[in-house]
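For reference, each letter of the sequence shown is one residue, going 334 to 546 in my numbering.
Where is the CB? At the ideal position from N, CA and C, for every residue including glycine.
Here the structure is a predicted model, which means the values were calculated and not measured.
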Amino acid sequence: MTIKFSPFKTLSLLTVSASIGLLAGCASTADQYGGNEQGPGPYGDGSAYHHQAAGSDVKSQGLGQYDDQFNGESWGRQGGAAAQGGMASGTNAAVAKRVVYFGFDQYSVGKTDQDIVQSNVNYLLKHPKQKVLLEGYTDPRGSSQYNLNLGQKRANSLKDALLSAGVGPQQVSTLSYGKECLAVPGGTAEADYQKDRRVIFNYNMNSKGCNQG
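Right, here's the structure in full:
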């Protein structure tokens, strides 16, 4: 007995097969660039990554990457204006502690650093025209892209803390350097890595770039 297939049914089957293949391709792309990465290898700070990726749509800006409305050129001009009248230089004295450190593959602010965050919050609330650039860094272990994302998460966690405390969103921008700017270049001890995993409150936007902290 001969079974005949309608050409329309054949076309429908081909369309369904193509759609399934397209969805599979999209799913693998999402996993790689912004979904839940479940890769088996070492990622940022040398551990396996099982958190939801964030900041993967960030625009690359040379060495680091931004996540919001400020680009390098306009940020520099705004920073220069804010620095007039001793704003930026005075900040270094007014806010003595401007570095927050993070645990291994972590991006939440620890209890021991809450006072540092609060002192910076107080300064920004008293100076609503002052802007700050939150620079996120990681230690050298893991891939460059993962560490850029992890550095961004660390900067974002500080930004969230500032905004929730009442600091204006126009005052805060973030930048991730990932593993490109180490606090201890060439260091291989855990004590060196601990210094690398940080976010710096940079009030002098004209000095953007590789602050060792």
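Alpha carbon to alpha carbon, how far is residue i from residue j?
i, j, result
"residue 502", "residue 457", "11 Å"
"residue 534", "residue 528", "15 Å"
"residue 522", "residue 472", "11 Å"
"residue 480", "residue 451", "26 Å"
"residue 376", "residue 437", "For residue 376, the predicted structure reports a pLDDT of 39, less than 50, and the residue's modelled location is therefore unreliable. A value from the coordinates is still provided. Residue 376 and residue 437: Cα-Cα distance of roughly 11 Å."
"residue 465", "residue 504", "6 Å"
"residue 447", "residue 467", "16 Å"
"residue 398", "residue 449", "Confidence at residue 398 is low in this model, with a pLDDT of 47, below 50, so the placement of that residue is unreliable and no value is reported for it."
"residue 432", "residue 478", "23 Å"
"residue 435", "residue 526", "10 Å"
"residue 442", "residue 519", "26 Å"
"residue 510", "residue 494", "20 Å"
"residue 515", "residue 497", "29 Å"
"residue 492", "residue 476", "24 Å"
"residue 506", "residue 463", "12 Å"
"residue 517", "residue 470", "12 Å"
"residue 530", "residue 508", "14 Å"
Based on the DSSP output, what are the partners of residue i in its beta bridges?
i, result
"residue 466", "506, 535"
"residue 511", "470"
Excluding five sequence neighbours on each side, which residues of the same chain lie with their C-beta closer than 7 Å to the C-beta of residue i?
i, result
"residue 440", "483, 486, 487, 490"
"residue 430", "449, 452"
Per DSSP, what kind of secondary structure is residue i in: helix, strand or coil?
i, result
"residue 517", "coil"
"residue 433", "strand"
"residue 501", "coil"
"residue 443", "coil"
"residue 529", "helix"
"residue 484", "helix"
"residue 490", "helix"
"residue 448", "helix"
"residue 428", "coil"
"residue 476", "coil"
"residue 524", "helix"
"residue 457", "helix"
Which residues in the same chain have their Cβ closer than 8 Å to the Cβ of residue i, if we skip the five residues on either side of it in sequence?
i, result
"residue 428", "452, 453, 456, 534, 536"
"residue 500", "454, 457, 458"
"residue 461", "501, 504"
For residue i and chain D, any beta-carbon pair shorter than 7 Å?
i, result
"residue 536", "Note that chain D does not occur in the displayed structure, where there is just one protein chain."
If I measure Cβ to Cβ from residue i and keep anything under 6 Å in the same chain, skipping five residues before and after, which residues do I get?
i, result
"residue 532", "433, 467, 469, 487, 488, 491"
"residue 445", "none"
May I ask whether a heavy atom of the ligand GTP can be found less than 6 Å away from the beta carbon of residue i?
i, result
"residue 474", "No copy of the ligand GTP appears in this structure; indeed no ligand is present at all."
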